[in-house]
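Read through the structure below, which is laid out as structure tokens, and then see the notes.
In the working numbering, the protein residues as written are 68 to 222.
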């Protein structure tokens, strides 16, 4: 017995779209945008692993600058008080960078190692840095000033 099926596809557009504008610069040089974080002073940082860089855009989408991260950036977060920028990388580390993206250190998970640091968040009040270590199924919490492991959960 051969069955036949009728498939109907209906497309809907909700609301006006005339107020949307395309900015040609917002997608320039982006191969695979991953994560983003608000940049101090405005705009946003966007990680782009395949191009090994973090790109800084202003609020209008214009490129302010790009910063090479040869270890392939994944996640990104900015410390609210000291301005340090934390970038998780494919080499299994989380780099700590200053405003000019000069590396000033790495988070120290001793006595553990990070298998696959992924997303990062900085607590707005305590300044603690939260890192998901995806392959190890855990969350690690670091002191935002010293970069030393404070606690973790998961296995």
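C-beta atoms are modelled at their ideal positions from N, C-alpha and C, and glycine is treated no differently.
Given the structure is predicted, the values throughout are model-derived calculations rather than measurements.
In the DSSP assignment, what residue or residues form a beta bridge with residue i?
{"i": "residue 98", "result": "Residue 98 pairs with nothing; no bridge assigned."}
{"i": "residue 163", "result": "153, 172"}
{"i": "residue 104", "result": "112"}
{"i": "residue 207", "result": "198, 219"}
{"i": "residue 139", "result": "Beta-bridge pairing links residue 139 to no other residue."}
{"i": "residue 188", "result": "197"}
{"i": "residue 133", "result": "122"}
Under the assumption that residue i contacts residue j (Cβ atoms under 8 Å), give the Cβ distance between them as a whole number of angstroms.
{"i": "residue 168", "j": "residue 152", "result": "7 Å"}
{"i": "residue 146", "j": "residue 211", "result": "5 Å"}
{"i": "residue 160", "j": "residue 173", "result": "5 Å"}
{"i": "residue 114", "j": "residue 141", "result": "6 Å"}
Taking residue i as the reference, give the member of the options with the closest Cα.
{"i": "residue 217", "options": "109, 108, 122, 179", "result": "179"}
{"i": "residue 123", "options": "103, 172, 190", "result": "103"}
{"i": "residue 201", "options": "181, 143, 208", "result": "181"}
{"i": "residue 204", "options": "194, 129, 183, 191", "result": "183"}
{"i": "residue 191", "options": "162, 158, 177, 105", "result": "105"}
{"i": "residue 177", "options": "219, 139, 134, 97", "result": "219"}
{"i": "residue 166", "options": "121, 196, 138", "result": "121"}
{"i": "residue 134", "options": "170, 222, 198", "result": "170"}
{"i": "residue 60", "options": "150, 136, 155, 118", "result": "Nothing in the structure corresponds to residue 60, since the chain is present only between 68 and 222."}
{"i": "residue 118", "options": "99, 111, 112", "result": "99"}
Could you check whether residue j and residue i sit closer than 9 Å to each other, using their CB atoms as the reference points?
{"i": "residue 185", "j": "residue 209", "result": "no"}
{"i": "residue 206", "j": "residue 144", "result": "no"}
{"i": "residue 126", "j": "residue 101", "result": "no"}
{"i": "residue 157", "j": "residue 116", "result": "yes"}
{"i": "residue 107", "j": "residue 150", "result": "yes"}
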